[in-house]
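Numbers in our numbering are just positions in the sequence shown, counted from 1, shifted up by 446. Below is one structure; the comments refer to it alone.
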Amino acid sequence: MVRPYRPTDFREIVSIEREAFSPKNPAYDIFMYISNSSDFLIAEVNGKIAGFISVMDSGADARIMSFAVKNEYRGKGIGGILLDSIINRSIKREKMRVVLEVRISNFIAINLYKKRGFEIISTIPCYYNDGEDAYFMVLNLTGGRLSQGIP
Ligand SMILES: CC(C)(COP(=O)(O)OP(=O)(O)OC[C@H]1O[C@@H](n2cnc3c(N)ncnc32)[C@H](O)[C@@H]1OP(=O)(O)O)[C@@H](O)C(=O)NCCC(=O)NCCS
């Protein structure tokens, strides 16, 4: 099940963010994502939070700020469902593109994005604190790719 974020989800989302990205201050990061997001979705499995995705509006773009699935739930299609939901909702909100940055070593995520039609537009040198480069990836929404039955 995919649903909007609720304040009671905060702790669990922080723990998923910590597990996925090991940031210095995951609670602060999540607070910022919630404060700035236009769309923040939670994936639930049997009443438990399995993952989340947050998106910020940037003009005509919907920009993915954070996206993670809890380790034990990965590889079951949950990330794909969250991504499809955000793409559909961005189309409904009349966005022109969905954009994101991803570590160039993150093959699993890059592969998932490519399967959804995202393209690598550029490389951003030293984008991350540890010096790793990012790919800037873009999905053009102008083709009307709305998938039926996805929230
Ligand atoms: C990226 C992420 C959100 C994908 O979530 P997920 O629920 O595993 O996604 P899916 O189950 O829809 O799987 C996506 C693809 O990755 C593959 N995959 C998932 N886990 C994998 C693993 N450990 N090894 C290899 N492939 C894997 C799946 O098989 C699937 O590919 P397929 O469609 O060819 O079968 C998740 O791996 C994650 O949280 N990663 C850490 C945080 C992160 O990198 N976020 C993205 C930042 S830009």
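Beta carbons are placed, not taken as given, at the ideal position from N, Cα and C, and that holds for glycine.
A residue is called buried when at least 16 other Cβ atoms come within 10 angstroms of its Cβ; Ser-551 does not meet this threshold and is exposed. If the five residues before and after Leu-585 are omitted, its C-beta is found closer than 8 Å to the C-beta atoms of Ile-533, Arg-543, Val-544, Val-545, Tyr-559, Arg-562, Gly-563, Phe-564, Glu-565, all from its own chain and listed in chain order. Excluding sequence positions up to five before and after Asn-482, its CB lies within less than 7 Å of the CB of Met-502, all in the same chain and listed in chain order. Out of Glu-463, Ile-480, Tyr-479, the CA that lies nearest to the CA of Pro-472 is found in Glu-463. Taking C-beta separations shorter than 8 Å and ignoring five residues to either side along the sequence, the partners of Asp-507 in its chain run Lys-541, Met-542, Arg-543, Val-544, Val-545, following chain order.
Phe-486 is positioned such that its CB atom lies no closer than 8 Å to that of Pro-453.
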